[in-house]
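Enquirer: One structure is given below, represented as structure tokens, and several questions about it will come after.
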Amino acid sequence: MFEEEVTMVENEISKRIQMRLNDNRLAFAKLNIPRFYIAGGALHKEEPNDYDLFPVVEKDFNSHFNISQEKQSNLKAKIWETPNAVTYKIDGITIQLCKFWKPTLAETVERFDFTHCKIGVEVNRVRYGRDSYAFLVSHSYVSPDYIRYRMLGYSEYNPKADCYPLSSLLRIGKYMNKGFIRSPYDVVFKILESFLERGYKSRQDFLDQLKGIDVGIDEAQRLTENAHILKHIYYLLTGDVIPQEEIVQKLMVEMGQIQNVVLRR
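In our numbering, the protein residues as written are 6 to 270.
Spelled out as structure tokens, the structure:
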């Protein structure tokens, strides 16, 4: 029964994302990336706010991460650059190229910290004319954690070694608003437990955990509120105070800067 459920979900998400990609093929083709993974919320039934793309081949994303100011003037998109990702706005579609690489789709998906995000597909770009492309899903991966999410009807926090618990904490409000989380109290305690198990070496290490923030648009809207929460957590753990302005500055660095630029094929 479990294998049948997995196969059903894999077929469902593969069909859905392939249709979405081809409905917006011009936007995705402009990135000029032949293979990539898509994982997380973009595979759900609801229309996504953005698409998270991950490299199948690490070098395929490098040109986008190392783009110069001179080259930016020749692009046709808005870029939001953070230490974690480069985000493009192309033909009304928000596409985020994530900077971390894992050898397989399963390893990419399994590092996610919330169970509703733990699904992914591999996509190939196929040329069918001189300047025309289609996108095909070559295979998909559904984590057992995602099947658990489907069965329970709500998402759970599931920490991994390379996740950042504090950045997970800041996303709780967003996931609550979208109906993914049933009880914020259970999730908060699990995240704090994960943070205590991970530990931290210094104030800088505490702040460095904020690198887990992605595009940052939702988080930016709650910048002061998030800084206030982090300030209190640090005080409760250490008895010391980090100035709230220092936390705000760190959050702004991790969220990057938006630049208005143009994208051509």
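Here a beta-carbon is modelled for each residue, glycine too, at the ideal position from N, C-alpha and C.
Please report how far the alpha carbon of residue 256 lies from the alpha carbon of residue 134, in whole angstroms.
Expert: 45 Å
Enquirer: Look up residue 182 in the DSSP assignment and give the residues it is bridged to.
Expert: For residue 182, which the question treats as bridged, DSSP gives no partner whatsoever.
Enquirer: Could you name the residues of the same chain whose beta carbon sits closer than 6 Å to that of residue 15, not counting the 5 residues immediately before and after it, in chain order?
Expert: 145 and 147
Enquirer: From residue 159 to residue 239, what distance separates their C-alpha atoms?
Expert: 29 Å
Enquirer: Beta carbon of residue 186, beta carbon of residue 177: below 9 Å?
Expert: yes
Enquirer: In whole angstroms, what is the alpha-carbon distance linking residue 244 and residue 209?
Expert: When rounded, the distance between both Cα atoms is 16 Å.
Enquirer: Among all the DSSP beta bridges, which residues are the ones paired with residue 150?
Expert: Residue 150 is not bridged to any residue.
Enquirer: What does DSSP give as the partner residue(s) for residue 145 in the beta ladder?
Expert: 126
Enquirer: Between the alpha carbons of residue 267 and residue 93, how many angstroms are there, rounded?
Expert: Interpretation of residue 267 is limited by its pLDDT of 35, a score under 50 that renders its predicted location unreliable; the figure taken from the coordinates is listed afterwards. Distance from the CA atom of residue 267 to the CA atom of residue 93, rounded to whole angstroms, is 10 Å.
Enquirer: Select from 98, 152, 40 and 44 the residue whose C-alpha is nearest the C-alpha of residue 66.
Expert: 40
Enquirer: Report yes if the CB atom of residue 192 is closer than 9 Å to the CB atom of residue 19, and no otherwise.
Expert: no
Enquirer: Given residue 49, which residues of its chain have a CB within under 6 Å of its CB, disregarding the five upstream and five downstream residues?
Expert: none
Enquirer: What distance in whole Å lies between the Cβ atoms of residue 118 and residue 162, which are believed to be in contact at a cut-off of 8 Å?
Expert: Residue 118 and residue 162 do touch by the CB rule: their CB atoms are close to 6 Å apart, below 8 Å.
Enquirer: Going by beta carbon distance, what residues of the same chain come within less than 6 Å of residue 68, once the five residues before and after it are set aside?
Expert: none
Enquirer: Tell me the rounded alpha-carbon separation between residue 22 and residue 242.
Expert: 43 Å
Enquirer: Check residue 28 in the structure and name its three-state DSSP category.
Expert: helix
Enquirer: By Cβ distance below 6 Å, which residues in the same chain neighbour residue 123 in space, the five residues on each side in sequence not counted?
Expert: Only 114, 117, 148, 150 and 151 meet the Cβ criterion.
Enquirer: How many whole angstroms separate the CB atoms of residue 164 and residue 188, which I take to be in contact at a CB cut-off of 8 Å?
Expert: Between residue 188 and residue 164 the Cβ distance is about 17 Å, and since that is not below 8 Å, they are no contact.
Enquirer: Do you know offhand how far residue 230's Cα is from residue 253's?
Expert: 10 Å
Enquirer: My guess is that residue 102 and residue 111 are in contact by the Cβ rule of under 8 Å, so how many angstroms apart are they, rounded?
Expert: Not a contact, Cβ separation roughly 20 Å.
Enquirer: For residue 279 and residue 175, I'd like the C-alpha separation in whole angstroms.
Expert: Examination of residue 279 is not possible in this model, given that the chain is present from 6 through 270 alone.
Enquirer: At the level of alpha carbons, what is the spacing between residue 64 and residue 24?
Expert: 27 Å
Enquirer: Since residue 189 is in the alpha helix (DSSP H), which residue starts that stretch and which ends it?
Expert: It spans 189–203 - the alpha helix (DSSP H) in which residue 189 sits, taken as one unbroken run.
Enquirer: Do you know how far the Cα of residue 52 is from the Cα of residue 128?
Expert: 18 Å
Enquirer: Would you call residue 250 buried or exposed, if buried means 16 or more other Cβ atoms sit within 10 Å of its Cβ?
Expert: Result: exposed.
Enquirer: Could you check whether residue 211 and residue 247 sit closer than 9 Å to each other, using their CB atoms as the reference points?
Expert: yes
Enquirer: Is it the case that the Cβ atoms of residue 59 and residue 140 are separated by a distance below 9 Å?
Expert: No, the Cβ-Cβ distance between residue 59 and residue 140 is not below 9 Å.
Enquirer: Relative to the alpha-carbon of residue 169, which residue among 203, 143, 136 and 137 has its alpha-carbon at the smallest distance?
Expert: Per the Cα distances, 203.
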